[in-house]
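Visitor:
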Amino acid sequence: MLLFPQVYDAFFQFKVLVVLWSVYYTFKEFILMEAVTDEPFQIQAIMALAYHRD
């Protein structure tokens, strides 16, 4: 990975975009469904999946 910094940077930026989109989509779902009680757990689960999917 460190031998190809440009490829690594592109992959990291893509990963960040995926995480941001997941969080945005999660908030959008909660606003539509008004499921405020499950919010912290759902966000933690999505963040965990996004960061450990390597």
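Here the sequence shown is numbered in our numbering, starting from 199 and rising by one per residue.
Ideal Cβ positions, reconstructed from N, Cα and C, are used throughout, including at glycine.
What you are looking at is a predicted structure, and each value in this text was computed from that prediction instead of being measured.
Would you identify the three-state DSSP class for F210, choosing helix, strand or coil?
Guide: Here residue 210 corresponds to residue number 12 of the sequence shown, with the count starting at 1. Three-state result, F210: helix.
Visitor: With distances taken Cα to Cα, identify the nearest neighbour of A248 among Q211, P203, V205.
Guide: Taking the sequence shown and counting its residues from 1, one reaches residue 248 at position 50. Nearest C-alpha to A248: Q211.
Visitor: Using DSSP with H/G/I as helix, E/B as strand and the rest coil, what is F225?
Guide: On the sequence shown, position 27 is the one that residue 225 refers to. Correct three-state label for F225: helix.
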